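Here is the structure we will look at.
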Amino acid sequence: MENEFAQDPVCNMQVKISDTPDKTEHDGKMYYFCSSECKKTFLGEPSKYL
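Position in the sequence shown (first residue = 1) + 549 = the working numbering.
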């Protein structure tokens, strides 16, 4: 998992899963973010980014 990446659903940046503290689960799926600001934006209106 140390070399796995995910796409931030807000800004579309590639995020190294093992490095980011900014993550959340929504509808049973884990989402990873480049920053706490992107996470906050996502949590404000998740359906806009799915």
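Note that beta-carbon positions come from the ideal geometry of N, C-alpha and C, so glycine has one too. Keep in mind that this is a model prediction, so the values were computed, not measured.
Nearest by alpha-carbon distance to residue i: which of the options is it?
i, options, result
"aspartate 571", "Phe591, Tyr598 and Phe582", "Phe582"
"methionine 562", "Pro595, Lys597, Lys588 and Ser596", "Lys588"
Taking 8 Å as the cut-off, decide whether the C-beta atoms of residue i and residue j are in contact.
i, j, result
"glutamate 586", "isoleucine 566", "no"
Please check the pair residue i and residue j, which I expect to be a contact at CB under 8 Å, by giving their CB distance rounded to whole angstroms.
i, j, result
"threonine 573", "leucine 592", "7 Å"
Going by DSSP, what residue range makes up the alpha helix (DSSP H) through residue i?
i, result
"threonine 590", "585–593"
Would you kindly report the start and end of the unbroken beta strand (DSSP E) that includes residue i?
i, result
"threonine 569", "Taken as a continuous stretch (DSSP letters only), threonine 569 belongs to no beta strand (DSSP E), as it is neither H nor E."
In chain order, what residues of the same chain lie with their CB nearer than 7 Å to the CB of residue i, ignoring the 5 residues before and after it?
i, result
"tyrosine 580", "Pro558, Lys572, Thr573 and Phe591"
Considering only residues of the same chain and omitting the five flanking positions on each side of residue i, which have a CB-CB separation below 6 Å?
i, result
"valine 564", "Ala555, Asp557, Tyr581 and Cys583"
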